[in-house]
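Have a look at the structure below, then the notes.
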Amino acid sequence: MAKLSYLDAIRDALFVAMEQDDNVFVLGEDVGKKGGVFKVTEGLQEKFGEMRVLDTPLAESNIVGTSVGAAMMGKRPVAEIQFAEYILPAVNQILNEAAKVRYRSDNDWNAPMVMRAPYGGGIHGALYHSQSIESLFVSTPGLKVVVPSTPADAKGLLMGAIKDNDPVLFFEHKKAYRLLKGEVPEGDYTIPLGKADVKREGDDITVITYGLCVNYAIQAAEQLKEEGYEAEILDLRTLYPLDKEAIIKAASKTGKVLLVTEDNLEGSLISEVSAIIGENCLYDLDAPIMRLAGPDVPSMPYAPPMEDYFMMNPEKIYKKMLELSEY
Amino acid sequence: MTEITMPKLGESVTEGTIENWLVKVGDHVSEYDPVCEVNTAKVTAEVPSVHDGVITEILVQEGETVDVGAPIYKIEVDGDASADETADSNNDEAQTEAPVKNEQPAMPKQQGDRRLSPVVMRLIGEHNINIDELDGSGFNGRITKKDVEKYLADGPVKKAEPVQQTAVKPEPVQAPKAKSSNESGESIKVSGIRKEIAKRMVQSKTEIPHAWLMMEVDATNLVNLRNKHKAAFKEKEGYNLTFFSFFVKAVSEVLKDYPILNSSWDGDTITVHDDINLSIAVANEDKLFVPVIKNADERSLTGIAKSISTLANKARTNKLTGDDMAGGTFTVNNTGAFGSVQSMGIINQPQVAILQVESIVKKPVFIGDMLAARHMVNLCLSIDHRVLDGLVAGDFLKAVKEKIENLDPDAVSVY
Chain Z
2 MAKLSYLDAI RDALFVAMEQ DDNVFVLGED VGKKGGVFKV TEGLQEKFGE
52 MRVLDTPLAE SNIVGTSVGA AMMGKRPVAE IQFAEYILPA VNQILNEAAK
102 VRYRSDNDWN APMVMRAPYG GGIHGALYHS QSIESLFVST PGLKVVVPST
152 PADAKGLLMG AIKDNDPVLF FEHKKAYRLL KGEVPEGDYT IPLGKADVKR
202 EGDDITVITY GLCVNYAIQA AEQLKEEGYE AEILDLRTLY PLDKEAIIKA
252 ASKTGKVLLV TEDNLEGSLI SEVSAIIGEN CLYDLDAPIM RLAGPDVPSM
302 PYAPPMEDYF MMNPEKIYKK MLELSEY
Chain F
32 MTEITMPKLG ESVTEGTIEN WLVKVGDHVS EYDPVCEVNT AKVTAEVPSV
82 HDGVITEILV QEGETVDVGA PIYKIEVDGD ASADETADSN NDEAQTEAPV
132 KNEQPAMPKQ QGDRRLSPVV MRLIGEHNIN IDELDGSGFN GRITKKDVEK
182 YLADGPVKKA EPVQQTAVKP EPVQAPKAKS SNESGESIKV SGIRKEIAKR
232 MVQSKTEIPH AWLMMEVDAT NLVNLRNKHK AAFKEKEGYN LTFFSFFVKA
282 VSEVLKDYPI LNSSWDGDTI TVHDDINLSI AVANEDKLFV PVIKNADERS
332 LTGIAKSIST LANKARTNKL TGDDMAGGTF TVNNTGAFGS VQSMGIINQP
382 QVAILQVESI VKKPVFIGDM LAARHMVNLC LSIDHRVLDG LVAGDFLKAV
432 KEKIENLDPD AVSVY
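Going down the list, the protein sequences come from chains Z and F.
Everything in the first sequence is counted per my numbering, starting at 2 for the first residue and increasing by one.
Everything in the second sequence is counted per my numbering, starting at 32 for the first residue and increasing by one.
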């Protein structure tokens with residue numbers, strides 16, 4: 002097993018998937034000759050040629066619309082949206098077309114496509130390059146939303162997304178690209194979608210989160226261990242549809258639940274997770290469900306101290322974990 | 032921050048019950064402002080603040096009993112926010128715990144948060160756990176799921192001196208918890224004084240073999256005498272010349288001849304007291320006090336009437352002190368005041384007898400072969416049969432009867 006960065010693991014998944022299946026192709030802004038602004042698709046065009054690694058115009062609606070058509074005709078497009086917040090012009094294609102093809106055609110048609118998009122902050126990207134926009138998409142049946150938290154998961158889940166027969170939004174945390182490194186299985190490594198994963202075992206509190214926050218929560222849990230508390234950490238991995246069974250099990254285990262997201266608090270994904278726990282785990286709860294999230298302000302600021310104030314980090318999670326542990 | 036401890040409210044008082052908090056956390060108090068009412072062995076006393084400052088924490092809840100010297104509240108003394116004061120309060124030990132950092136998520140040992148989380152509620156129900164046996168390790172002493180799991184795994188935590196607690200337990204006050212068949216109705220929180228009364232009464236009634244006798248006394252002379260002087264006395268002295276004063280006076284005199292009734296029972300010894308200190312029962316709304324007329328035998332009738340008046344007023348305004356209540360050797364109870372004609376008093380431990388003075392009722396009585404309208408009164412005596420027998424009790428009662436009956440209705444003075 003090779004030790005790869007989160008970014009390398011994603012690239013590895015693309016290589017393996019394109020080698021395995023000729024129907025898989027990549028499209029997006031600067032993904033070909035440049036290899037992508039983050040270099041995720043570097044080397045792909047050299048290996049698979051211009052017909053399978055397409056540089057597109059700056060038109061997200063076009064990128065996704067093209068993908069929907071190709072997917073309905075039997076291809077497996079993997080579209081890249083350069084930054085997650087750029088996806089908004091394509092929302093009609095995603096929500097109205099891609100997500101509803103199967104339903105609208107009574108199962109005659111489907112759209113096996115993946116839309117990759119780097120999300121999240123902490124990289125001095127300010128307004129247009131720091132947002133978490135997953136909450137816009139996590140209430141659309143027909144669409145799957147996936148966020149990996151480790152290099153191995155990034156590879157396995159991306160391969161799983163490419164093999165999935167319906168549209169998948171695949172959010173990659175851009176700060177994680179080169180920050181996270183880990184052992185990644187070689188060759189075909191697929192993780193089925195829709196399954197959450199316990200990343201750390203503990204019996205004092207349960208932390209449920211996703212994306213880069215999983216890594217931060219694990220760091221915080223190691224610090225919390227010194228106080229004598231063990232945190233269970235559940236990585237949601239697939240944000241839509243949620244793995245309710247795993248959420249209920251993890252929440253019931255300790256009865257003390259902390260939900261973490263980098264997104265703005267109100268109406269975020271963890272609000273839904275909280276509702277699931279509230280509905281199913283009342284008699285197993287030992288403390289109020291706690292949420293830790295970004296403030297309800299329009300965007301992550303550029304100024305570093307202000308960005309730190311907004312951005313999630315291990316210290317913030319640790320403090321909240323300790324509060325919950327001592328409740 | 033200064034910790035204030037339970038004051039010692041009288042000799043031999045070892046504990047006190049917080050009856051009432053007169054302040055709450057955050058209140059500013061000045062020195063000598065009353066902070067709480069403390070009840071010790073039947074006295075309720077207001078505890079004044081010894082500092083100017085802000086109350087920061089109340090450590091003992093209303094109704095809780097703590098030892099003298101135990102911390103009862105904390106106060107932030109004005110101009111002393113830095114909290115390094117050690118000298119002031121009267122318990123230096125409690126203060127020597129190193130200055131704790133404020134952020135330290137306190138692990139208060141007092142019974143704190145008694146709210147139960149859903150999972151704790153479910154677990155104690157499923158396993159039939161008495162939550163009083165659980166120690167809360169959570170914030171403010173909250174009982175956590177972990178605490179319950181630990182309890183289930185390890186069994187009950189050994190609390191301090193559980194043996195003593197159970198040994199003292201057989202207070203039958205608790206025992207007859209017969210459930211009322213009627214569930215509806217108001218429930219009244221039992222106050223500290225009520226609890227004290229209940230405890231004493233149960234103790235007296237269960238420990239003392241009470242025997243009881245009653246004599247009917249012709250109080251016609253008394254009524255005439257008193258009526259003759261009543262108005263003038265009131266005008267001159269400012270308080271009433273009551274019938275009860277005459278009975279108290281008579282009892283104090285007769286007790287000199289029957290000292291065994293003026294004694295106490297200690298199990299191994301019977302102590303006959305030199306002083307004749309008469310307890311008189313005074314009721315105040317829902318409370319019963321038994322203040323004492325000290326050396327009643329040395330007082331004139333006026334002196335006794337005055338003592339009764341003073342003590343009764345103090346009782347009604349909650350001003351009785353420990354001294355007012357201490358040292359009684361025999362009790363005279365004015366049951367006639369509320370119209371009773373016959374009653375069986377419960378002896379006020381460790382005394383050995385109690386005399387109930389009933390209502391004076393005018394009725395037809397044979398004197399010789401003639402019927403006459405006379406003012407009659409029943410005197411009811413309860414005695415501790417461990418100490419007293421019927422003969423001496425009868426002699427005592429007869430002597431009181433004679434004193435009352437032989438009052439001279441034509442006496443020119445009651446002084």
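Glycine included, each C-beta is placed from N, C-alpha and C at the ideal position.
Can you tell which of Val-69(F), Val-60(F), Glu-238(F) and Asn-308(F) has its C-alpha closest to the C-alpha of Lys-350(F)?
-> Val-69(F)
Going by beta carbon distance, what residues of the same chain come within less than 6 Å of Ala-99(Z), once the five residues before and after it are set aside?
-> Val-69, Ala-112 and Pro-168
Nearest chain Z C-beta to Lys-176(F) closer than 8 Å, yes or no?
-> yes
Could you say which of Gly-172(F), Val-396(F) and Ser-295(F) lies nearest to Met-407(F) if we only look at CA atoms?
-> Val-396(F)
Residue nearest to Leu-144(Z) in terms of C-alpha spacing, selected from Met-116(Z), His-125(Z), Leu-5(Z) and Lys-4(Z) | Met-116(Z)
Contact belief for Tyr-241(Z) with Val-139(Z) at Cβ below 8 Å, rounded distance in angstroms | 4 Å
Cα-Cα, which of Ile-278(Z), Arg-201(Z) and Tyr-217(Z) is closest to His-174(Z)?
-> Tyr-217(Z)
Does the pairing of the stretch 32 to 51 of chain Z with the stretch 6 to 15 of chain Z give three or more beta-carbon distances under 8 Å?
-> yes
Please look up how many angstroms separate the CB atoms of Phe-427(F) and Tyr-289(F), rounded, as I've assumed it's under 8 Å.
-> 4 Å
Skipping 5 residues on each side, what residues in its chain have a beta carbon closer than 8 Å to that of Asp-31(Z)?
-> Gly-37, Val-38, Asp-56 and Gln-83
State the start and end residues of the unbroken beta strand (DSSP E) segment that holds Gln-387(F).
-> 384 to 398
Return the residue from the list Gly-421(F), Leu-412(F) and Asn-51(F) that minimises the CA-CA distance to Met-245(F).
-> Leu-412(F)
Is any heavy atom of the ligand ADP found at a distance shorter than 7 Å from the C-beta of Val-431(F)?
-> This structure does not include the ligand ADP; it has no bound ligands of any sort.
Identify which residue in Ala-91(Z), Lys-4(Z) and Gln-220(Z) has its Cα closest to the Cα of Ala-60(Z).
-> Ala-91(Z)
Would you mind reading off the limits of the alpha helix (DSSP H) that contains Glu-316(F)?
-> No alpha helix (DSSP H) contains Glu-316(F), which DSSP labels as neither H nor E.
Does the distance from the C-beta atom of Ser-148(F) to that of Leu-286(Z) stay below 8 Å?
-> yes
Following the continuous beta strand (DSSP E) through Ala-294(Z), name the residue where it begins and the one where it ends.
-> 291 to 295
Please name the residues in the stretch 277 to 289 of chain Z whose beta-carbon is closer than 7 Å to at least one beta-carbon of chain F, in chain order.
-> Leu-283, Tyr-284, Asp-285, Leu-286, Asp-287 and Ala-288
Is the Cβ-Cβ distance between Phe-172(Z) and Tyr-120(Z) less than 8 Å?
-> yes
Please state if the CB of Gly-376(F) and the CB of Ser-390(F) are separated by a distance shorter than 8 Å.
-> no
Closest Cα partner of Gly-126(Z) within the set Phe-311(Z), Met-322(Z) and Lys-321(Z) | Phe-311(Z)
Listed from N- to C-terminal order along the chain, which residues in the stretch 145 to 169 of chain F have their beta-carbon within a distance smaller than 7 Å of any beta-carbon of chain Z?
-> Ser-148, Pro-149, Val-150, Val-151, Arg-153 and Gly-169
Counted within 10 angstroms of its Cβ, other Cβ atoms place His-158(F) as buried (16 or more) or exposed | exposed
CB-CB length for Val-147(Z) against Thr-239(Z), believed under 8 Å = 5 Å
Rounded to a whole number of angstroms, what is the C-alpha to C-alpha distance between Thr-33(F) and Ile-106(F)?
-> 5 Å
So what does DSSP say about Val-233(F), is it helix, strand or coil?
-> helix
Buried or exposed: which applies to Ser-283(F), given that a residue is buried once 16 or more other Cβ atoms fall within 10 Å of its Cβ?
-> buried
Taking Thr-273(F) as the reference, which of Ser-338(F), Leu-53(F), Pro-102(F) and Gly-223(F) has the closest Cα?
-> Ser-338(F)
Could you tell me how far apart the beta carbons of Ser-300(Z) and Gln-94(Z) are, in whole angstroms, since I believe they sit closer than 8 Å?
-> 24 Å between Cβ atoms; not a contact.
If we ignore side chains and look at the alpha-carbon of each, how far apart do Ile-324(F) and Ser-310(F) end up?
-> 6 Å
Of all the options Asp-439(F), Thr-71(F), Leu-419(F) and Glu-238(F), which has the alpha carbon lying nearest to the alpha carbon of Glu-46(F)?
-> Thr-71(F)
Which two residues bound the contiguous beta strand (DSSP E) that contains Lys-145(Z)?
-> 145 to 147
Thr-48(F) beta carbon less than 8 Å from that of Thr-96(F) = yes
So which of Thr-207(Z), Glu-308(Z), Asn-63(Z) and Gln-224(Z) has the shortest CA-CA distance to Ile-234(Z)?
-> Thr-207(Z)
Mind checking whether Arg-405(F) and Asp-249(F) have CB atoms under 8 Å apart?
-> yes
What is the rounded straight-line gap between the Cα of Asp-317(F) and the Cα of Ala-288(Z)?
-> 42 Å
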